[in-house]
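Just below is one structure, and these are the notes that go with it.
This is how it looks when you write it as structure tokens:
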């Protein structure tokens with residue numbers, strides 16, 4: 014009677030992550046490979062937990078405006094926007110038309126620089142460092158435009174229930190229009206480069222193909238879905254803020270591979286640039302800044318479900334008000350939650366070198382993905398800054 | 002039934018006799034309260050009427066209603082041709098929250114069901130991928146606590 | 005078409021890096037930087053300390069020899085800059101607009117001049133306005 018010593022085929026487990034030079038954020042992909050081909054993928058998460066949903070329940074809903082912006086650094090304007098719109102629906106406030114136009118301007122500027130950075134990361138993963146540096150150089154212009162508008166390069170702190178927190182005058186408007194004019198030829202150049210350059214197309218064409226049926230059954234959203242022909246865009250479905258009034262188009266492509274997803278992002282960036290220029294030339298007059306001292310202090314009973322189109326997909330917030338100054342429940346579902354965790358099926362059949370390419374084409378934002386328990390403060394000691402100053406002097 | 006005609010059907014007609022009550026969530030999204038035993042039938046009917054490539058489950062949100070003594074599970078479903086989001090709401094008892102899984106009909110609930118199990122303790126019958134520690138760190142798992150419940154202390 | 009034309013153009017340009025200590029970074033005048041309270045206007049209501057999202061403001065009693073008519077409780081806000089996230093909630097919620105905002109972003113320093121209580125108390129000495 015023989016005993017089995019080895020079972021064939023053998024599959025080798027290749028863990029990618031949590032710390033790995035190919036990924037930018039901590040997530041663990043356990044890849045089982047037979048030779049060079051991937052046969053199974055398990056995705057482990059939980060390395061970046063911060064306790065945000067419980068934190069919302071323990072603070073007043075005005076502090077929630079600042080907490081929601083800090084769930085994700087690169088999508089902070091859209092998180093703040095959807096939370097503020099949910100609170101406005103519960104309170105019954107309506108922002109003025111000028112405030113709505115300015116809000117959309119901040120969100121579209123963020124969409125441009127978010128799409129530029131994910132394409133730069135894709136170029137870096139392929140080894141094309143020159144293109145990474147060139148895209149990041151041009152991205153600095155967009156961050157400057159955001160700084161002129163909101164007061165901060167990355168985190169915008171621009172939203173407050175009832176309107177926005179700052180206004181723009183004609184001098185700032187002209188400066189932003191100048192910057193947008195300088196960016197346009199660069200975006201068109203990069204889009205053409207992605208379509209034509211063989212370094213990029215040889216590694217991206219026909220890698221990670223998704224069919225429309227896979228996308229809706231696994232709830233994948235955003236440019237990942239639009240790259241395979243599924244025409245879903247929250248800006249066209251809900252028509253929140255001013256998306257029903259300004260002219261714009263939903264971009265889709267039909268091939269479904271990684272190159273289609275990256276080209277959808279470049280097309281969307283150019284579309285956002287057109288939207289920003291239209292907004293700046295057609296701003297209505299009136300009051301946009303809200304006086305924060307006169308806002309209501311109690312959140313009435315009720316429920317609100319608001320959605321927004323983040324650069325990565327559909328972001329939803331479900332807020333339940335409980336009659337006090339703290340919300341009863343806030344549920345956040347970010348686009349990376351579905352795009353990363355549910356997509357384990359799409360790596361099968363490709364080689365190991367395609368795994369980082371497919372992962373980056375879904376636009377992973379891991380800190381957006383994980384939020385929900387409170388880290389208890391056990392022993393906390395506050396050291397004021399003056400003591401640190403004195404410590405240095407004593408020595 | 003072709004896609005064009007079926008997209009005009011109202012979800013209320015599709016779900017028909019399964020609906021116990023109808024409510025609203027701002028801004029004017031319709032909520033259909035159904036019994037927890039018919040959730041698989043409801044989802045199958047919706048997918049068959051509107052087509053598999055034009056409807057998807059957007060969010061699964063669990064709410065702990067401590068005073069009323071039950072846990073609510075809400076399924077937010079986006080129906081693309083009607084540009085509408087409807088809500089299917091079920092109520093589970095707080096002492097033993099158990100509901101059937103949807104993972105063989107709609108594999109996209111993998112992430113949502115795992116999160117609701119890990120944070121609120123809702124058991125999904127038939128889903129054998131559930132495990133604690135999906136999001137919650139190990140020291141909290143070791144104490145057997147479901148962090149998002151209103152009486153959780155650790 | 006490739007990248008050759010782009011690379012040749014960039015070989016003959018100077019680098020884009022801003023050589024920081026020698027050259028100032030171009031920053032906006034209304035960038036959200038350091039903020040502190042002007043004690044000529046502050047009336048000690050503590051709203052900024054209640055509303056701060058990161059609990060960075062502490063209300064401290066004024067030094068013994070200073071008595072202000074518009075501040076009956078004798079408290080003034082001291083901001084702990086390592087905890088502050090510069091959201092400016094304190095600036096917008098103050099009922100008497102008592103906060104002075106600057107665009108100072110170089111906070112990794114231990115000089116006495118940049119501590120919040122020193123800056124606030126100095127507003128009293130310069131004699132108002």
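Protein chains in written order, with our numbering: chain A, 14 to 408; chain B, 2 to 155; chain C, 5 to 133.
We put the CB at the ideal spot given by N, CA and C, even for glycine.
Predicted, not measured: the structure shown is a model, and the values here were computed from it.
How about residue 14/C: is its C-beta nearer than 9 Å to some C-beta of chain A? yes
Under 7 Å between beta-carbons, which chain A residues line up against residue 92/C? List them in chain order, please. 170
How about residue 81/C: is its C-beta nearer than 9 Å to some C-beta of chain A? no
Enumerate in chain order the residues of its own chain whose CB-to-CB distance from residue 177/A is below 7 Å, with the five nearest sequence positions on each side excluded. 112, 115, 116, 171, 301, 302
Would you mind telling me which residues of chain B sit closer than 8 Å to residue 329/A, beta carbon to beta carbon, in chain order? 59, 60, 77
Residue 225/A touches chain B at which residues, Cβ-Cβ below 7 Å? 54
On a Cα-Cα basis, can you pick out the residue from 75/B, 126/B, 88/B, 83/B that is closest to residue 104/B? 126/B
Name the two residues that bound the continuous beta strand (DSSP E) containing residue 47/A. 41-47
Can you tell me where the alpha helix (DSSP H) with residue 78/A in it begins and where it stops? 76-82
Can you find a C-beta in chain C that's less than 9 Å from the C-beta of residue 79/A? yes
Which residues, taken in chain order from the segment 30-50 of chain C, show a beta carbon closer than 7 Å to some beta carbon of chain A? 32, 34, 35, 36
With DSSP collapsed to three states, give me the class of residue 54/B. helix
What separation, rounded to the nearest whole angstrom, lies between the Cα atoms of residue 160/A and residue 84/B? 35 Å
Rounded to whole angstroms, what's the CA-CA distance from residue 109/B to residue 28/B? Just pull it up for me. 26 Å
Write down every uninterrupted run of the beta strand (DSSP E) in the segment 203-269 of chain A whose length is 3 residues or greater and which is fully enclosed by it, in chain order. none
Rounded straight-line distance, which links the Cα of residue 180/A to that of residue 114/B: 43 Å
How would you label residue 238/A, buried or exposed, when you count the other beta carbons within 10 angstroms and need 16 or more for buried? buried
From the beta carbon of residue 129/B, is the nearest beta carbon of chain A less than 9 Å away? no
CA-to-CA distance, residue 309/A to residue 296/A, given in whole angstroms: 28 Å
Just the C-alpha distance for residue 162/A and residue 21/B, rounded to the nearest angstrom, thanks. 50 Å
Under 9 Å between C-beta atoms, does residue 30/B make it to chain A? yes
Consider the Cβ of residue 57/C: report whether some Cβ of chain A lies at a distance smaller than 9 Å. yes
When you compare the CB positions of residue 241/A and residue 50/A, do they come within less than 9 Å of one another, or not? no
Which residue wins for smallest C-alpha separation from residue 200/A, given the options 254/A, 268/A, 127/A? 127/A
At the level of alpha carbons, what is the spacing between residue 25/B and residue 32/B? 5 Å
Report back the beta-carbon spacing between residue 373/A and residue 360/A to the nearest angstrom; my notes put them in contact at under 8 Å. Incorrect: roughly 13 Å between the Cβ atoms, too far for contact.
Do residue 86/B and residue 232/A count as a contact pair if the criterion is CB distance below 9 Å? no
Whole angstroms are fine: how far does the CA of residue 54/A sit from the CA of residue 29/A? 10 Å
For the segment 43-60 of chain C against the segment 72-90 of chain C, are there 3 or more C-beta pairs whose distance is under 8 Å? yes
So, at 6 Å on beta carbons, what are the nonlocal neighbours of residue 315/A in its own chain, with the 5 sequence-adjacent residues on each side left out? 103, 334
Output the distance between the C-alpha atoms of residue 33/C and residue 187/A, rounded to the nearest integer angstrom. 16 Å
Just to confirm, are residue 37/C and residue 79/C a CB contact at a threshold of 9 Å? no
Our contact map puts residue 61/B next to residue 98/B with C-beta atoms below 8 Å; I'd like the distance itself, whole angstroms only. Between residue 98/B and residue 61/B the Cβ distance is about 13 Å, and since that is not below 8 Å, they are no contact.
Does the beta-carbon of residue 386/A have 16 or more other beta-carbons within 10 angstroms, so that it is buried, or is it exposed? Any reading at residue 386/A must be qualified, since the residue scores a pLDDT of 40, below 50, and its modelled position is unreliable; no value is offered.
Limits of the beta strand (DSSP E) - the one that residue 143/B falls within: Premise fails: residue 143/B lies in the alpha helix (DSSP H), 139-143, not in any beta strand (DSSP E).
How do the segment 203-214 of chain A and the segment 14-28 of chain C stand: do at least 3 beta-carbon pairs fall below 8 Å, yes or no? no
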